[in-house]
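Engineer:
Numbering (the numbering used here), first residue to last: 2 to 191.
Below, the structure is given as structure tokens:
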């Protein structure tokens, strides 16, 4: 039942946004009573936070599996491929994610108890860049800055693609981001 509520909440939040979404609509979509939702979640904020946290952890797991045991260059390619595939498959969540990103996601991470997760995620995956620098594959640039640049590029290109403003396929997004990032990141002088 909890899973059904989360799926319904994801759908309603993606369509309406946090402020316009109503618990009654989520209950209707899930086929449960409003009281049932409040039995599992104390507030709309808690439910929203759980939807976001669940999907972010799912994405993180997929990325971890994709980059594990790979060289920094292969891991970076795997990261880009996995994130683009995840956002293409999880469109409702991507809508929520981009809505939050567009409305000060960093600030809202505090409200929805996601700031620790977000900091760990950035630290963990910027490690790919750190390893590449240490091995001499990548130029000496700020690893977290590079990681955030890559993540931001992926999110924005995918957003405009999924909204119909860009006619570019997921494979082209992957290629474009990797080509642009790697042209600035690879240390060809060593």
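Every residue gets a Cβ at the ideal spot worked out from N, C-alpha and C, and that includes glycine. Here the structure is a predicted model, which means the values were calculated and not measured.
1) Taking 8 Å as the cut-off, does the stretch 52-65 touch the stretch 118-136 (at least 3 CB pairs, one atom from each stretch)?
2) Can you check which of these residues, 123, 142, 21, is closest to residue 65 by C-alpha distance?
3) Given this structure, state the Cα-to-Cα distance separating residue 186 from residue 68, to the nearest angstrom.
4) Is residue 10 closer than 8 Å to residue 99 when the C-beta atoms are compared?
5) In angstroms with no decimal places, state the Cα-to-Cα distance between residue 150 and residue 15.
6) Comparing C-alpha positions only, which one of 159, 170, 126 sits nearest to residue 143?
7) Give a single yes or no on whether residue 29 has its beta carbon closer than 7 Å to a heavy atom of the ligand MN.
8) Tell me the residue span of the alpha helix (DSSP H) that contains residue 197.
9) Which class does residue 186 belong to by DSSP, given the choice of helix, strand or coil?
10) Measuring only the C-alpha atoms, how far is residue 27 from residue 152?
11) Considering only C-alpha positions, which residue in the set 52, 137, 85, 74 is nearest to residue 97?
12) With H, G and I counted as helix, E and B as strand and the rest as coil, what does DSSP make of residue 31?
13) Where does the unbroken alpha helix (DSSP H) through residue 60 begin, and where does it stop?
14) My guess is that residue 31 and residue 5 are in contact by the Cβ rule of under 8 Å, so how many angstroms apart are they, rounded?
15) Run through DSSP, which three-state label would residue 168 get?
16) Could you compute how far the alpha carbon of residue 8 sits from the alpha carbon of residue 21?
17) Judging by CA-CA distance, which residue of 74, 18, 34 is the nearest neighbour of residue 131?
18) How many angstroms separate the CA atom of residue 104 from the CA atom of residue 78?
Structural biologist: Per the coordinate set shown:
1) yes
2) 123
3) Each residue's Cα considered, the two are about 18 Å apart.
4) no
5) 25 Å
6) 126
7) In terms of ligand content, the structure shown is empty, and the ligand MN therefore cannot be addressed.
8) This structure cannot settle anything about residue 197, because the visible part of the chain is limited to 2 through 191.
9) If DSSP states are grouped into helix, strand and coil, residue 186 belongs with the helices.
10) Between residue 27 and residue 152, the alpha-carbon positions lie close to 30 Å from each other.
11) 52
12) helix
13) 45-68
14) 5 Å
15) coil
16) One alpha carbon belongs to residue 8, the other to residue 21, and they sit about 17 Å apart.
17) 74
18) Since pLDDT at residue 104 reaches only 49, below the 50 mark, its modelled position is unreliable, and the value read off the structure follows with that caveat. About 29 Å.
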